[in-house]
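Going by the numbering used here, the first residue of the sequence shown is number 1, and it counts up by one from there. Even glycine gets a Cβ: it sits at the ideal position worked out from N, Cα and C. Notes follow once the structure below has been shown.
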Amino acid sequence: MDYFYIGIDDTDSPDGMCTTYLASSILNEFERNAIEIEDFPRLIRLNPFAPFKTRGNGGVSFKLSLDQDIALAKEIVLDYVSRLSMFDCENTNPGVVFYKGEITPSMVDYSLKAIYSIISIEEAEEFAGEIGAEIHKFKKGRGIIGSIAAISCPLEDYTYELLAYRESEKFGQLRKIDYDSVYEMDKETFPETFENIDGKYLAIEPKTPCPVLYGIRANNPEVLKKAYDMVVPNENIADFQIFKTNQHTDMHIQDVDCIADMKQYSCYKIRGEVKDKPHVIEGGHMFFTLFDESSEIECAAYEPTKSFRKTVSKLSAGDVVELYGGIGRENTFNIEKFQVIDLNDVVYKNPLCQCGKRMTSAGRNKGFKCKHCGKTIKSDEKVKEHVKRDLIEGRFYETPVSARRHLAKPLIRMNLD
Ligand code: ATP
1 MDYFYIGIDD TDSPDGMCTT YLASSILNEF ERNAIEIEDF PRLIRLNPFA PFKTRGNGGV
61 SFKLSLDQDI ALAKEIVLDY VSRLSMFDCE NTNPGVVFYK GEITPSMVDY SLKAIYSIIS
121 IEEAEEFAGE IGAEIHKFKK GRGIIGSIAA ISCPLEDYTY ELLAYRESEK FGQLRKIDYD
181 SVYEMDKETF PETFENIDGK YLAIEPKTPC PVLYGIRANN PEVLKKAYDM VVPNENIADF
241 QIFKTNQHTD MHIQDVDCIA DMKQYSCYKI RGEVKDKPHV IEGGHMFFTL FDESSEIECA
301 AYEPTKSFRK TVSKLSAGDV VELYGGIGRE NTFNIEKFQV IDLNDVVYKN PLCQCGKRMT
361 SAGRNKGFKC KHCGKTIKSD EKVKEHVKRD LIEGRFYETP VSARRHLAKP LIRMNLD
């Protein structure tokens with residue numbers, strides 16, 4: 001069925017604004033003008049490795065039935081984007097896209113490309129021409145890349161996010177959300193809402209000067225109303241909006257046959273064998289090498305993944321794992337979560353002496369000797385032993401809430417026993 005679609009992206013900067021807030025302001029203006037949208041507004045997260053993203057690389061879209069006042073809707077959108085975008089920031093290059101019709105298979109392919117890889121402004125502009133979309137570029141207009149994708153993205157699996165916005169005089173000031181109320185809300189609504197808290201860390205609260213006071217993520221919109229009523233903010237909420245979104249769906253993760261087929265700035269599920277014991281470098285980042293018959297790749301659990309590094313450190317050479325994550329700027333695979341497929345519980349050790357002590361090497365090709373009782377043996381062969389492992393085969397392990405990507409599907413949504 002034909003609809004009128006609106007896509008908006010790239011309106012914010014690290015110093016302020018948020019495309020969802022701008023969209024919410026537009027929706028309020030629509031309401032004042034009796035313009036109704038179909039379904040929920042959508043917040044679509046695109047490639048987490050896109051080079052010019054401000055934070056979470058999200059674009060916004062909404063759809064209207066054709067009996068709405070389309071001309072007025074367009075006027076309102078362009079007016080709000082031109083007034084509220086953070087034009088002073090070099091990296092803010094808003095793009096608005098209007099499209100009338102059906103979402104075609106080529107539009108779906110385009111949106112998947114925007115999630116899986118990198119698209120240029122020229123490519124987006126050419127594609128808009130092909131589908132007959134109307135584009136509005138502000139400054140460089142990079143936002144059209146994400147706007148077309150936000151309109152076109154299919155949502156087979158989806159979640160909802162309720163975003164509560166602050167009064168404008170509070171923008172940039174410290175947020176004071178009552179921790180206990182969030183704790184209670186989490187207790188009452190989890191797992192239908194998720195990623196609310198992480199120990200003492202309030203995950204619903206952004207740490208940037210944007211207009212968002214908090215965001216609550218959930219599987220359905222009903223539970224969000226209940227959660228909203230439970231959170232005590234200690235400041236006025238100017239407005240709130242519920243978005244339908246591809247967040248927490250693993251939509252960015254592609255299946256791939258082998259390591260050699262993976263590309264930089266894309267995200268995958270990849271199976272391989274651990275080559276070496278994970279090690280930490282300066283700054284607290286943890287690395288190991290994963291290999292298969294085609295190639296090998298350095299894998300990382302960076303410092304912000306905190307306790308996840310301890311889990312990763314339990315991996316050993318010979319373990320077979322399935323990693324979920326993506327290849328970033330350093331050409332390293334950033335792990336979001338992993339499943340243990342097969343644990344190598346075999347180690348080769350120096351033999352045990354009759355006296356019960358572990359023997360040491362007597363020198364190259366000279367066998368082993370016991371420092372305790374003096375006994376020697378001529379053979380150089382180490383003995384095979386089985387060790388108890390601190391990981392469980394078949395089990396998934398994920399980064400903590402504080403270090404999780406918007407698109408990453410948390411284990412709580414994966415229906416795992
Ligand atoms: P926020 O999450 O706070 O709204 P953001 O992280 O979404 O900010 P934007 O300001 O929207 O960042 O900037 C992201 C830019 O990257 C946009 O111009 C968007 O069109 C563009 N973009 C999105 N996906 C891709 C992609 N796959 N390849 C190239 N550019 C992309």
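For the options E192, E222, D180, R175, the alpha carbon positioned closest to that of T208 is the one of R175.
Measuring C-alpha to C-alpha distances from R45 to each of A149, L411, I297, L66 identifies A149 as the nearest. Spanning the alpha carbons of K378 and D345 requires a straight line of approximately 27 Å. By the rule of a C-beta closer than 5 Å to any heavy atom of the ligand ATP, the residues picked out are D9, D10, D12, T19, L46, N47, A50, F52, K53, T54, R55, G56, N57, G58, A114, I118, I119, R142, G143, I145, G146. R271 is bridged by DSSP to E322.
In this structure, the CA atom of D178 is about 15 Å from the CA atom of D198.
If one requires a minimum length of 4 residues, the alpha helix (DSSP H) runs lying completely within the stretch 98 to 181 are 105 to 116, 121 to 131, 143 to 152, in chain order.
Look at A23 here: in three-state DSSP terms it is helix. Inter-residue distance for S117 and V347 is about 41 Å (C-alpha atoms, whole angstroms). Remark: C-beta atoms of N91 and K140 do not approach each other more closely than 7 Å.
Excluding the 5 residues flanking it on each side, E205 has same chain C-beta neighbours closer than 7 Å at R175, I177, Y214, in chain order. Contact between A114 and G146 holds, with the beta-carbon distance rounding to 7 Å and staying under 8 Å. Fewer than three pairs of CB atoms, one per stretch, sit closer than 8 Å, so the stretch 63 to 78 makes no contact with the stretch 12 to 21. For D239, the uninterrupted beta strand (DSSP E) run begins and ends at 237 to 245, by DSSP. At the C-beta level, T249 and K409 come within 7 Å of one another. In this structure, P41 sits near A23, with a CB-CB distance shorter than 7 Å. I297 sits away from I253, with the two beta carbons spaced by 7 Å or more.
DSSP, reduced to helix, strand and coil, places E393 outside both helices and strands of the structure shown, so it counts as coil. For D79, the enclosing alpha helix (DSSP H) has its first and last residue at 70 to 84.
A Cβ-Cβ separation of about 10 Å leaves I26 out of contact with V96 under the 8 Å criterion. Cα atoms of D257 and F87: separation of roughly 43 Å, rounded to the nearest angstrom. Straight-line spacing of the CA atoms in L315 and E398 works out to 14 Å.
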